[in-house]
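Numbering (the working numbering), first residue to last: 109 to 774.
All C-beta atoms in this analysis are idealised placements derived from N, C-alpha and C, irrespective of residue type, glycine included.
Taking it in order: structure first as structure tokens, then the write-up.
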Amino acid sequence: MQFLSATSAWFALACLAIIGMYILKKQYQNTEVPSHLLWRRVLQEQEANSPWQRLRSRLLLFMQLMAALLIVLALMQPVLMRSVTHSGHAVILIDRSGSMGAKAAPGGTNGKETGVQGQSGSSDTKLSVALSAAEQWLDEQSHKRQVSIVVNGSQPEVLASRETDHQVLKEILRGISPVYGYSDNTAALSLADSIHQQGDDGVTIIFTDGIWHDFADSNSLPLQTQSVVSLIEGESGNVGILSFGMKEDLLRPGFNHAVVTVRNDGTTAQKLTVSLYAYGKDGEREAVAELEIAAEAEGWSSGEARGLPPADYYKAELKALDAWTGDNFAYAFPAVQTTPKVLLVTEGNLFLEKALLLSGIKPVKTLPATEPPSGAQAEEISWVLLDGALDKIESNAAWKKLLEDKPLWIIDRPGSDGGETAQPASMDVDIAQHEVTNYLSFQDTHISRLAKPAAEEVAWGRAVLAYGGVPAIYAGNYNGKPQLRFTFRLQDSDLPLRPEFPVLIMQAAGWMNGGQGQLGYAIAGQAVELSLHPESVKADWVAAEPWKTGFSTDDEALRQPMRLMELGAGIYEAPAIPGLYKLTEKDNSGLLLQERYLAVSASREELTPLEDGRLELKLAAREDGQEAPRQEEEPMAKLPLTAAIMGLLLILLVAEWEVYRRGHTG
């Protein structure tokens with residue numbers, strides 16, 4: 109209960125005046141008279157009402173004080189706050205992004221906002237708590253109320269539309285599992301809002317943990333109906349493997365050198381143990397190394413292991429009991445046994461040369477003014493890297509022939525050829541899902557100037573990274589060979605000084621090497637470029653090591669081969685659940701043609717804690733042009749109690765008059 113005019117409580121001092129009147133009331137003494145005949149009527153009345161006579165003064169005092177307090181209470185304008193019961197169409201929006209797969213904190217659902225008490229317990233995920241809260245909300249609704257269910261993902265989906273059967277709705281909710289790839293939350297919110305019809309007294313109820321990296325777009329989205337945000341709290345202090353790379357051990361030819369980077373999202377430093385395992389062709393697992401890595405709070409650290417024996421693939425496993433286990437493992441493929449030779453055409457770039465060496469690449473350095481290698485020397489070159497030298501050699505016929513025959517990586521030197529350049533207007537980074545940009549954020553990286561190549565010059569690929577709205581990295585294939593282009597000069601940025609620079613060069617080199625005989629790495633559910641065997645008629649994903657997600661629908665899907673889904677010419681969809689997968693291809697007779705591995709990881713963006721910003725939704729502008737109030741909690745209505753108090757006061761006054769009448773009249 110709340111009071112709209114709490115200052116009116118000062119009127120309660122009037123009770124002191126009532127008490128004072130009783131204290132100052134004149135007292136009468138009994139007096140003897142010669143006869144009582146003249147007072148017979150008065151005596152009869154006193155004999156008939158003697159109990160009331162004894163209680164009259166005290167009872168009247170209490171009743172008058174109560175009446176005064178009721179008047180004061182009415183002046184304070186008390187109201188009861190109660191939830192607004194919407195009777196119209198309701199849309200339940202379930203956030204099923206990767207972060208919802210993490211463990212929920214005790215008392216996971218913020219019942220103050222939702223009016224629903226969430227289930228607690230360290231074994232419950234945030235998604236399971238959200239689904240339980242949604243079911244409890246359904247139990248409180250009328251069976252005639254229409255309810256729709258929307259989920260987010262790379263493409264939002266409507267799972268139920270204006271359904272009134274609560275049992276059907278609950279079955280749909282129980283079948284929802286996390287999406288470990290990219291989630292377009294703004295599109296899901298817009299879709300949920302668009303389902304409502306004008307004037308249907310609808311409401312959108314959002315069950316989420318609030319980790320929306322597109323929260324700025326969601327906050328600015330004009331909503332036509334009221335929205336209730338039910339925040340699901342999660343456990344803090346998650347740790348995980350950020351990257352796991354492999355290169356040839358230069359000290360022991362034929363062996364591999366592993367580099368593991370871990371991230372600590374907690375507020376205290378931790379000492380993490382990472383075990384490395386090697387897997388052979390027969391599936392046998394062998395422990396080959398164990399790393400102790402000290403990870404600072406809210407930072408990352410790396411560890412190395414040398415002399416790893418040859419294997420089909422390797423697994424890094426983080427031994428930790430944290431909020432989410434999906435990033436406690438990572439896979440890597442062995443480095444090529446022969447170190448790739450790369451023709452580095454540059455006038456000098458020490459940082460780039462060192463990063464290539466760390467990636468297991470042997471750069472063959474040459475100047476742009478020299479003639480390109482030919483014959484046997486050209487055959488030894490795996491691919492070519494032009495560091496600001498494209499404008500100096502593109503007119504040379506010999507160079508042009510070599511560049512057409514080899515995979516090409518171009519690093520531009522903006523303005524050197526008179527082409528168009530651009531200065532980024534901001535430090536905003538837009539990263540597309542690609543092998544080159546996996547695990548990278550480019551946070552706080554500064555780039556002063558970028559080149560803007562003509563559309564026909566980059567028609568072979570797509571922009572996988574944009575900086576300040578300007579494409580910074582293009583990746584694709586030209587004549588069936590990998591091709592890469594950086595539109596900025598490394599010397600025009602502080603990227604070489606960042607910890608992400610070696611990871612970028614390592615992943616870019618792996619892309620140029622063609623995945624080292626395997627399919628490489630992908631984010632869950634993303635589109636990947638694959639070349640299938642010419643005689644292949646059936647291709648399936650088989651989970652080499654199923655990860656137990658804790659959701660029955662996911663665990664059941666991993667037990668069966670999953671059909672390879674084609675999205676376009678040479679573009680296929682990666683498996684939706686993190687883990688290691690084997691792509692098996694068979695011909696018409698069922699004969700196995702080839703098997704290749706793909707390491708699938710969750711989108712790191714969905715798991716990284718937000719430093720600032722929160723989900724604050726607002727309604728569409730009112731007709732008068734003013735912004736409508738934000739609706740962050742369940743809408744509440746004020747129920748005034750003044751009328752009830754006045755009715756009670758009237759009853760009290762009638763009772764007081766009856767007490768007074770019985771005391772003074774016969």
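Between the CA atoms of Leu-177 and Gly-755 - distance to the nearest angstrom: Here residue 755 corresponds to residue number 647 of the sequence shown, with the count starting at 1. Here residue 177 corresponds to residue number 69 of the sequence shown, with the count starting at 1. Their Cα atoms are separated by approximately 14 Å.
- request: Report whether the distance from the Cβ of Lys-508 to the nearest heavy atom of the ligand NAP is below 7 Å.
  value: For the ligand NAP, the structure offers nothing, since it holds no ligand at all.
task: Just confirm the distance between the C-beta atoms of Ala-296 and Val-258, as a whole number of angstroms; I'd bet it's less than 8 Å.
output: On the sequence shown, position 188 is the one that residue 296 refers to. On the sequence shown, position 150 is the one that residue 258 refers to. Going by Cβ atoms, the distance from Ala-296 to Val-258 rounds to 6 Å, so yes, they are a contact pair.
field: Same chain, Cβ closer than 8 Å to Ala-403, five either side skipped, listed in chain order
entry: As a working note, residue 403 is residue 295 in the sequence shown. Cβ within range, chain order: Val-347, Val-370, Arg-371, Asn-372, Ala-377, Gln-378, Lys-379, Leu-380, Ser-409.
message: Need the endpoints of the beta strand (DSSP E) that Lys-379 sits in, please.
response: Numbered from its first residue, the sequence shown carries residue 379 at position 271. Here the beta strand (DSSP E) through Lys-379 covers 378-387.
His-274, DSSP secondary structure in three states: Within the sequence shown, numbered from 1, the residue matching residue 274 stands at position 166. DSSP places His-274 in helix when its eight states are reduced to three.
task: Going by CA-CA distance only, name the one from Ala-540, Ile-340, Leu-558 that's closest to Pro-532.
output: As a working mapping, residue 532 is identified with position 424 in the sequence shown. Taking only the C-alpha atoms, the option nearest Pro-532 is Leu-558.
- prompt: Do you know offhand how far Pro-417's Cα is from Leu-706's?
  reply: Counting from one through the sequence shown, the residue named residue 417 turns up at place 309. Counting from one through the sequence shown, the residue named residue 706 turns up at place 598. Cα-Cα distance, rounded: 21 Å.
- prompt: Where does Glu-731 land, buried or exposed, given buried means 16+ other C-beta within 10 angstroms?
  reply: Along the sequence shown, read from residue 1 onward, the residue named residue 731 stands at position 623. Note on Glu-731: pLDDT 41, under 50, position unreliable in the model; the coordinate value appears next. By the 10 Å Cβ count, Glu-731 comes out exposed.
query: So, using beta-carbon positions, are Asp-600 and Ser-556 closer together than 8 Å?
result: On the sequence shown, residue 600 is found 492 positions in, with the first residue counted as 1. On the sequence shown, residue 556 is found 448 positions in, with the first residue counted as 1. Yes, they are a contact pair.
task: Since I believe Tyr-387 is in contact with Asp-357 (beta carbons under 8 Å), could you give me their beta-carbon distance rounded to a whole number of angstroms?
output: The residue given as residue 357 occupies position 249 in the sequence shown. The residue given as residue 387 occupies position 279 in the sequence shown. With 8 Å as the limit, Asp-357 and Tyr-387 do not qualify as a contact, their Cβ atoms being about 18 Å apart.
task: Starting from Lys-509, follow the alpha helix (DSSP H) in both directions and report where the run begins and ends.
output: Taking the sequence shown and counting its residues from 1, the one referred to as residue 509 is at position 401. That run of the alpha helix (DSSP H) goes 505-513.
Three-state class that DSSP yields for Leu-183 in the structure shown: Here residue 183 corresponds to residue number 75 of the sequence shown, with the count starting at 1. DSSP places Leu-183 in helix when its eight states are reduced to three.
- request: May I ask you to list the residues that DSSP assigns as paired with Ile-68?
  value: Because the chain in this structure spans residues 109 to 774, residue 68 falls outside the shown range and cannot be described.
message: Could you check whether Ser-207 and Ile-349 sit closer than 8 Å to each other, using their CB atoms as the reference points?
response: Within the sequence shown, the letter at position 241 stands for residue 349. Within the sequence shown, the letter at position 99 stands for residue 207. No, they are not a contact pair.
field: Own chain, CB closer than 6 Å to Lys-427, minus 5 neighbours either side, in chain order
entry: Counted from its first residue, the sequence shown places residue 427 at position 319. Thr-381.
field: Through-space distance from Ala-684 to Leu-331, alpha-carbon basis
entry: Here residue 331 refers to the residue found at position 223 of the sequence shown. Here residue 684 refers to the residue found at position 576 of the sequence shown. Taking the straight line joining both Cα atoms gives about 31 Å.
message: Judging by CA-CA distance, which residue of Asp-695, Ser-205, Leu-699 is the nearest neighbour of Trp-432?
response: The count along the sequence shown starts at 1 and reaches residue 432 at position 324. Of Asp-695, Ser-205, Leu-699, the residue nearest in Cα terms is Ser-205.
query: Where does Thr-692 fall in DSSP's three states?
result: As a working note, residue 692 is residue 584 in the sequence shown. Three-state DSSP puts Thr-692 in a strand.
query: Is there contact here, the region 494-508 with the region 450-458, by at least three beta-carbon pairs under 8 Å?
result: yes
query: Looking at Lys-694 and Lys-646, is the spacing between their C-beta atoms short of 8 Å?
result: To locate residue 646, count along the sequence shown from 1; it is residue 538. To locate residue 694, count along the sequence shown from 1; it is residue 586. Yes, the Cβ-Cβ distance between Lys-646 and Lys-694 is below 8 Å.
Meets three-Cβ-pair contact criterion under 8 Å: the region 696-716 and the region 286-296: yes
- prompt: Quick one: what does DSSP say Trp-655 is sitting in, helix, strand or coil?
  reply: Taking the first residue of the sequence shown as position 1, residue 655 is located at position 547. Trp-655: coil per DSSP, three-state reduction.
- prompt: Hey, how far is the Cα of Glu-766 from the Cα of Ile-753?
  reply: Position 658 of the sequence shown, counting from 1, holds the residue named residue 766. Position 645 of the sequence shown, counting from 1, holds the residue named residue 753. Those two C-alpha atoms are separated by around 20 Å.
query: Around the C-beta of Asn-138, are 16 or more other C-beta atoms found within 10 angstroms, so that it is buried, or is it exposed?
result: Translated into positions along the sequence shown, residue 138 becomes position 30. Per the 10 Å Cβ criterion, exposed.
- prompt: According to DSSP, is Leu-699 helix, strand or coil?
  reply: In the sequence shown, the residue the question calls residue 699 occupies position 591. In the structure shown, Leu-699 sits in coil (DSSP, three-state: anything other than H, G, I, E or B).
field: Unbroken alpha helix (DSSP H) run spanning Ile-303, endpoints
entry: Taking the sequence shown and counting its residues from 1, one reaches residue 303 at position 195. 293-303 is the span of the alpha helix (DSSP H), which, as asked, contains Ile-303.
Arg-671, DSSP secondary structure in three states: Here the question's residue 671 lines up with position 563 in the sequence shown. Note: Arg-671 maps to strand in three-state DSSP.
query: Three-state secondary structure (DSSP) at Thr-333?
result: The sequence position of residue 333 within the sequence shown is 225, counting from 1. It is coil, neither helix nor strand.
field: Alpha-carbon spacing of Leu-311 relative to Gly-196, whole angstroms
entry: Position 203 of the sequence shown, counting from 1, holds the residue named residue 311. Position 88 of the sequence shown, counting from 1, holds the residue named residue 196. Looking at the sequence provided, one finds Val at residue 311 rather than Leu. Taking the straight line joining both Cα atoms gives about 8 Å.
query: Between Asn-696 and the rest of its own chain, which residues show a CB-CB distance below 7 Å, the 5 nearest in sequence each way excluded?
result: To locate residue 696, count along the sequence shown from 1; it is residue 588. Same-chain partners within the cutoff: Val-645.
query: Which of the three DSSP states, helix, strand or coil, is assigned to Tyr-768?
result: Residue numbering aside, residue 768 sits at position 660 when the sequence shown is read from its first letter. Here Tyr-768 sits in helix by DSSP.
task: Using beta-carbon positions only, say whether Ser-344 and Gly-374 come within less than 8 Å of one another.
output: Position 236 of the sequence shown holds residue 344. Position 266 of the sequence shown holds residue 374. Going by C-beta atoms, Ser-344 is nearer than 8 Å to Gly-374.
Any beta strand (DSSP E) of 3 or more consecutive residues that is wholly inside the region 585-619: 589-594
- request: Between the Cα of Leu-757 and those of Val-180, Leu-112, Leu-167, Glu-140, spot the shortest distance and give me the residue it belongs to.
  value: Mapped onto the sequence shown, residue 757 falls at position 649. Closest option to Leu-757, Cα to Cα, is Val-180.
task: Reducing DSSP to helix, strand and coil, say where Leu-339 ends up.
output: Counting from one through the sequence shown, the residue named residue 339 turns up at place 231. Three-state result, Leu-339: strand.
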